[in-house]
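Right, one structure below, let's go through it.
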Amino acid sequence: MQGVKLPVSVKCEINVLLVLVTALGFFTRLYGIQFPKSVVFDEVYYGQFVSLYMRRVFFIDESGPPFGHMLLALGGYFGDFDGNFIWNRIGAEYTSNVPVWTLRLIPALAGSLCVPLGYLLMVELGYSHYSALGASLLLLMENSLVVQSRFMLLESVLIFFLLLAVLSYLRFYNASKSSLFRWLWLFLAGAGCAFAVGVKYMGLFTYLLLLSLAAVHTWHIIGEKTLSNGKVVVQVVVRFLALVVLPVMLYLGFFYIHLTLLYRSGPHDQMMSSAFQASLEGGLARITQGQPLEVAYGSQVTLRSASSKPLPCWLHSHKANYPIRYENGRGSSHQQQVTCYPFKDVNNWWIIKDPGRQSLVVSRPPRAVRHGDIIQLLHGMTSRFLNTHDVAAPMSPHSQEVSGYIDFNVSMPVQNLWKVDITNRESDRDVWKTILSEVRLIHVNTSAVLKLSGVSLPDWGFRQLEVVGDKIYKGYQQSGVWNVEEHRYGTSHEQKERELELKSPTHDDISRNLTFMAKFIELQWKMLTVKNEESEHKYSSLPLEWITMDTNIAYWLHPSSNAQIHLMGNIVICTLANVALFVYVLLFLTYLIRRRRKIEDIPEACWKQLVLAGVVCSGGWAVNYLPFFLMEKTLFLYHYLPALTFQILQIPVVVEHLYTHMLRSSSQQKAFGGVILAALCSVYLCYRTFSPLTYGQPELTAEQLAKMRWRESWDILFRKR
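Per the numbering used here, the very first residue in the sequence shown carries number -17; after that it's consecutive.
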């Protein structure tokens, strides 16, 4: 019987410390996340997008890609949220249809898992399990990380994917070269980078850091003479696929899902092109459904500026002339005003006319307008031709005035011929298409381009936007590009019949759809270029205030009691992190200079370990913090949390190095161990002291709250009773 072997045997090793800190992570982040049942700070912002996802309504958020919003919306989906809630103010009570627990669950889970990820990352950097335990405990008791994890916010999700990406790459780097399983870690690292960037653009900084580290390691592999050329090529190609191709494909996938889910017209449509709007259900798609595709002589059209700055608008004219003289004494042509109007109006309609014919209706069969054709544009309601001439524009005197031509018999000849230049054509005989074609209208006499200047006219111009003829137009500018949005084939010969026709809905059936890549490129460009007006916020702060935790944010205040929640860091951890960063830089520079002098204080393996830890921890802090000094946007303390996470991981790195390589005697090590224990106790006491402001309960008295104001800059609110 001794020779009999069991057919299947399983050995299981459990890291009790890792299980313990993981359980504590879940407890500190998930405990009571339904409290308070009211809107907390930026839940106002993210909740709006979740509601739009639930109703499948298109939106654009210039602050970041859609993956993070989709994760929050997934929580709403799990809770059967119908999207019916008005996110209009902080402190608003959630109604019974809002699943508070599931909406906050995903950020809480992500924040919980950051604790064991910190542990595992320290182990992969080659440090002891005691150091890993210290790192996880520090992450566990950082009050700001706890607060940010417990609500429908995205920083905890971002930090989770950043740590996952770095840990996965280190697992790949440290794994046995003969193991095929190690390549899965590399692809997980690439996916983690894509997920991080997909949550917030800030993730790009850590992705570039990881990419740089991988590039250095790949360069070393290329130099290994023991590897054949074929194996080197395979190593390089697989790394490129995992860390470049896979993230790009996943990033595109986020937008594909986003655009697939949000197929209905919404409040953000006006920021997008007519073609994009027409691809959405309802809105412009409802208005333009069934329009003719090809613009023909006799077509009745509205022309929308491709630029949405300062506002989306349409070429417009009305029965009002430019003033004879402007306030500065400069004269005008006194002809009919032509403007760009940011609202749909019957005066936005124009008729495409063949200069060689008198007809204003579409022939049978229609004669399509093509690239390079010369046309006239007749204003539908006033029958004035679009005209420009050598008269200075009202607000942009360096450009030409654009007008509806009136024959005043004052030797001012008509100049109303325009050349059609289709900028996105595929051939020189392309037909001008509704919505799809981007067109420049070039004045035949002066070669000026019809352009939106973006300047508002005074009261005499009804505050509408100025349109000019630009003679020095160079390159592609959206302000000089127009596209046909609404379109019908004209059939009425008489002016009064034509006016009635212009006021009626369009008809004729045609289908148009943008490709996914066209929609992705346009949406991505809008997200990167269209910015909301930034305004000062009560709780905004500067990056220099973050490193010493001189600032806080009041996330929630009970309407009738002193219960409140603040985004506030653990001052002890913040101080230790700053000291650790300073000591690490000092150690690194000292070792570097001495090694240059051929003095090796520590073994080569320890030096490499210290450098790698510095790249990950100090480098992670730097790339997630320093760029904010260059950003022109309203900044808040929570922007610092990814940098703070990496800085916290620097603490056990420095502590273990000092303990192992700087303290020679056992008595020194014991004394240093006592200091470490005292520091951890101080961290816990600080965490415990401020936990009522972290969790919002128990309620404190005004006197207790006043004692918590350790810094004069902290804004702690309380009611005196």
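The beta carbon of each residue, even a glycine, is placed where N, CA and C say it ideally should be.
Asked	Found
Of the listed residues 417, 336, 455, 535, nearest to residue 433 (C-alpha basis)	455
Per-residue burial, residue 499 [other beta carbons within 10 Å of its own, 16 or more giving buried]	exposed
Whole runs of the alpha helix (DSSP H) within the segment 317 to 344, excluding any shorter than 4 residues	none
contact_flag[the segment 227 to 244, the segment 175 to 187] where n(CB pairs < 8 Å) is 3 or more	yes
Same chain, Cβ closer than 6 Å to residue 137, neighbours up to 5 away in sequence not counted	130, 620, 623
Residues of its chain near residue 539, where Cβ-Cβ distance is below 6 Å and the 5 sequence neighbours each way are ignored	546, 699
For residue 257 and residue 460, believed in contact at Cβ under 8 Å, the rounded distance	Between residue 257 and residue 460 the Cβ distance is about 14 Å, and since that is not below 8 Å, they are no contact.
Simplified DSSP assignment, three categories, for residue 452	strand
Enclosing beta strand (DSSP E) for residue 287 [first to last residue]	281 to 287
C-alpha distance - residue -10 paired with residue -4, whole-angstrom precision	20 Å
Counterpart residues of residue 546 in DSSP-defined beta bridges	539
The beta strand (DSSP E) enclosing residue 464, as first and last residue numbers	464 to 471
Contact set for residue 170: own chain, Cβ-Cβ below 7 Å, skip 5 residues either direction	150
Spatial distance of residue 313 from residue 439 (CA atoms)	15 Å
Status (buried if at least 16 other CB within 10 Å, exposed otherwise) for residue 466	buried
Length of the line joining the Cα atoms of residue 558 and residue 658	11 Å
Cβ-based neighbour list, residue 40, same chain, cut-off 7 Å, excluding 5 preceding and 5 following	244, 246, 247, 248, 250, 251, 262
Span of the beta strand (DSSP E), counted from its first residue to its last, around residue 386	382 to 386
Touch test, the segment 636 to 649 against the segment 150 to 159, Cβ-Cβ under 8 Å, three pairs minimum	no
Uninterrupted alpha helix (DSSP H) stretches inside the segment 72 to 140 (no shorter than 4 residues)	82 to 106, 111 to 122, 125 to 131
For residue 195 and residue 88, the rounded distance between their alpha carbons	30 Å
Distance between residue 335 and residue 426 (C-alpha atoms, nearest Å)	15 Å
Completely contained beta strand (DSSP E) runs for the segment 158 to 244, where each covers 3 or more residues	none
Simplified DSSP assignment, three categories, for residue 367	strand
Residue burial classification, residue 451 (beta-carbon count within 10 angstroms, cutoff 16)	buried
Which of helix, strand or coil DSSP assigns to residue 670	helix
Per-residue burial, residue 564 [other beta carbons within 10 Å of its own, 16 or more giving buried]	exposed
Between the CA atoms of residue 469 and residue 59 - distance to the nearest angstrom	40 Å
C-alpha gap between residue 652 and residue 119, whole angstroms	21 Å
Between the CA atoms of residue 307 and residue 351 - distance to the nearest angstrom	38 Å
Neighbourhood of residue 315 by C-beta distance below 8 Å, restricted to the same chain and skipping five residues each side	304, 371, 373, 383, 385, 394
Given residue 146 as reference, the closest of 113, 94, 405 once Cα atoms are compared	94
Element boundaries [beta strand (DSSP E), containing residue 436]	431 to 438
Nearest-angstrom Cα separation, counted from residue 613 out to residue 510	13 Å
Beta-bridge partners of residue 276, as assigned by DSSP	415
Extent of the continuous beta strand (DSSP E) to which residue 422 belongs	421 to 425
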